[in-house]
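Worksheet: the structure to be examined is printed underneath.
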């Protein structure tokens, strides 16, 4: 089997975790009609973790999901579900939680261990202004040197008969 490059793998698992988190949110809202579901924060953490590429938040999501799966299983085995519909909802939630652990772990392994440091906006503005100024100065020098070289070449070849209006 051919392994996917790291960037494609990270994007794929990020999309899977995000879509799975949205599905988990939907199931949480459906289950909310029969019983309160404290797992609602799990998918929200997953959405944040994938959007910000935050390895620690994704690890928290994996812990919350694992604990929630254990509690869901205990709730089902204890007979806490009131009817077939509740049992189906809880089973779907449990299966989705267990399935989401694999892409979550894969994404966790591919995220950087450290996030880039935050930069003060004023400091970022100063750095960008300095870079833009340097690039513009280099461009002006290059244009001036090429114009000087053309004028020397034109003087060496004699008067140019081409008018700038004709160009």
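In the UniProt record's numbering, the protein residues as written are 1 to 167.
Cβ coordinates follow ideal geometry from the N, Cα and C atoms, glycine included.
Since the model is a prediction, treat every value here as computed from it, not as a measurement.
Check whether the Cβ atoms of residue 94 and residue 76 lie closer than 8 Å to each other.
Yes, the Cβ-Cβ distance between residue 94 and residue 76 is below 8 Å.
Classify residue 43 as buried or exposed, calling it buried when 16 or more other Cβ atoms lie within 10 Å of its own Cβ.
Its Cβ being crowded by 16 or more others within 10 Å, residue 43 is buried.
C-beta atoms of residue 20 and residue 103 nearer than 8 Å:
Taking 8 Å as the Cβ cut-off, residue 20 and residue 103 qualify as a contacting pair.
Contiguous alpha helix (DSSP H) assignments of at least 4 residues, all confined to the segment 52–129
Counting whole runs of 4 or more residues, the segment 52–129 contains the alpha helix (DSSP H) stretches 55–78, 84–110.
Since residue 45 contacts residue 60 with CB under 8 Å, what's their CB separation in whole angstroms?
Between residue 45 and residue 60 a beta carbon distance of about 6 Å is seen, short of the 8 Å cut, so the two are scored as contacting.
So is residue 90 buried or exposed if we call it buried at 16+ other beta carbons inside 10 Å?
A buried status is given to residue 90, since no fewer than 16 other beta-carbon atoms sit within 10 Å of its beta-carbon.
Going by CA-CA distance only, name the one from 38, 29, 50 that's closest to residue 110.
Looking at 38, 29, 50, the one whose alpha-carbon comes closest to that of residue 110 is 50.
Would you decide whether residue 58 is buried or exposed? Buried here means 16 or more other CB atoms lie within 10 Å of its CB.
The residue is buried, with at least 16 neighbouring Cβ atoms inside 10 Å.
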